[in-house]
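Undergrad: Let me give you the structure first, and then I'll get to my questions.
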Amino acid sequence: TVYLVTGASRGIGRGLIEAFLQRPKSTVVACVRNVATATPALSALTVAEGSRMIIVQLNCDSETDAQAAVQTLREEHGVTHLDVVVANAAMATNFGPASTMPLEHLQAHMMVNMYAPVLLFQATRLMLQQSKQQAKFVLIGAPISTITNMHDYARAPLTAYGVSKLAANYMVRKFHFENKWLTAFIIDPGHVQTDMGDQGARLMGRPQAPTTVADSVAGICAR
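All the letters of the sequence shown, read from the start, carry residue numbers 7 to 229 under our numbering.
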C-alpha cells in the first residue's frame, strides 16, 4: 500500500506517518515544508519489514509544490501509484472577530486549508487512478467547520480557519461524487493535543485539547 500524508513533520501528520510505517510492505510518503529540518525526527521512526519512507517537500503556500512532489515521486523514487492520500496540513493564525478580520488573513487560510487540498487532489489524481485497491482521498477535517452545530463553537475566535475548512469539506465531497473510482471523505480527528489544537483550547479557556494524538490517529486509521 502506498500512502501520502501532508503536514507530516508533527502532530496528527507525524502520528499517521508513524502508524503507516508500522504496516508491512508499505511505501509512506511524508510531505513536509522543509525536508532538511524534518528528516532527522522522521528518520528515527520504526519501519516495518518491507516498508519504506520517502520525504518530499510540499509547502501548502505554494501553487506548484504538489505537482513537483508527484513528479519527484515518479522520477526519483519510482512510485507509479498512490492508494491513500491524506490532506492533513492546515493553519490557524487569525484569532479576531469575523467582523474585523483582514481579507489577507482569510486569503492565507483559504490557500492552505482549502486551495492546497484541491491542488493536492489535482496533482495526485492520476496516480490514485492507478491504485489496484479502492483509492482514497481523505481530508483531516475540524469540528469547528460546521454550520448546523456552530452554536457549539461560537466562542472560538477561529473564523478564517473554520470557513476555510468548511469550504474544503465541500470540495472533497465533490471529488467523491465526480469520480466513481474514488472514495473521498472527511474525517473529524477530534480536538487534538497538537500545537494548533492546544492553542485553540487556550483561546476557549481550557488548558489543552482533550484528545491525544495517539487516540486521534488510532481512530483515523480505523477508517
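Ideal Cβ positions, reconstructed from N, Cα and C, are used throughout, including at glycine.
Determine the contact status of Gly211 and Leu164, defining contact as a CB-CB distance below 8 Å.
TA: Locating residue 211 in the sequence shown gives position 205, where the first residue counts as 1. Locating residue 164 in the sequence shown gives position 158, where the first residue counts as 1. Going by C-beta atoms, Gly211 is not nearer than 8 Å to Leu164.
Undergrad: Could you check the C-alpha separation between Ala36 and Tyr176 for me, to the nearest Å?
TA: Here residue 36 is taken as the residue at index 30 of the sequence shown, counted from 1. Here residue 176 is taken as the residue at index 170 of the sequence shown, counted from 1. Between Ala36 and Tyr176, the C-alpha separation is close to 25 Å.
Undergrad: DSSP three-state call for Lys171: helix, strand or coil?
TA: Position 165 of the sequence shown, counted from the start, is the residue given in the question as residue 171. The answer is helix: DSSP assigns Lys171 an H, G or I state.
Undergrad: With distances taken Cα to Cα, identify the nearest neighbour of Gln139 among Val90, Glu81, His157.
TA: Indexing the sequence shown from 1 puts residue 139 at position 133. That would be Val90, whose Cα lies nearest to the Cα of Gln139.
Undergrad: What's the C-alpha gap between Ile153 and Met202?
TA: The residue given as residue 153 occupies position 147 in the sequence shown. The residue given as residue 202 occupies position 196 in the sequence shown. If I take the Cα positions, the gap works out to 21 Å.
Undergrad: If the criterion is Cβ atoms closer than 8 Å, does the pair Val8 and Gly19 meet it?
TA: On the sequence shown, position 2 is the one that residue 8 refers to. On the sequence shown, position 13 is the one that residue 19 refers to. No, Cβ-Cβ distance for Val8 and Gly19 is not below 8 Å.
Undergrad: Helix or strand or just coil, what does DSSP make of Ala247?
TA: The requested residue 247 does not occur in the structure, where the chain is confined to residues 7 to 229.
Undergrad: Would you call Phe127 buried or exposed, if buried means 16 or more other Cβ atoms sit within 10 Å of its Cβ?
TA: As a working mapping, residue 127 is identified with position 121 in the sequence shown. When all chains shown are included, Phe127 counts as buried.
Undergrad: Could you tell me which of Ala160, His182, Asn40, Arg229 sits nearest to Asp6, measuring between CA atoms?
TA: Residue 6 lies beyond the residue range present for the chain, which begins at 7 and ends at 229; the question has no answer from this structure.
Undergrad: Compute the Euclidean distance between the alpha carbons of Ile60 and Ala75, then round it to the nearest angstrom.
TA: Residue 60 sits at position 54 when you count from the first residue of the sequence shown. Residue 75 sits at position 69 when you count from the first residue of the sequence shown. Going by the C-alpha atoms only, they are around 11 Å apart.
Undergrad: For the region 166 to 180 and the region 99 to 114, state whether three or more C-beta atom pairs, one from each stretch, are separated by less than 8 Å.
TA: Touching, yes.
Undergrad: For the region 49 to 60 against the region 129 to 136, do three or more pairs of beta-carbon atoms, one drawn from each stretch, fall closer than 8 Å, so that the two count as touching?
TA: Judged by Cβ distances under 8 Å, the region 49 to 60 makes no contact with the region 129 to 136, as fewer than three pairs qualify.
Undergrad: Per DSSP, what kind of secondary structure is Ile193 in: helix, strand or coil?
TA: Locating residue 193 in the sequence shown gives position 187, where the first residue counts as 1. Three-state result, Ile193: strand.
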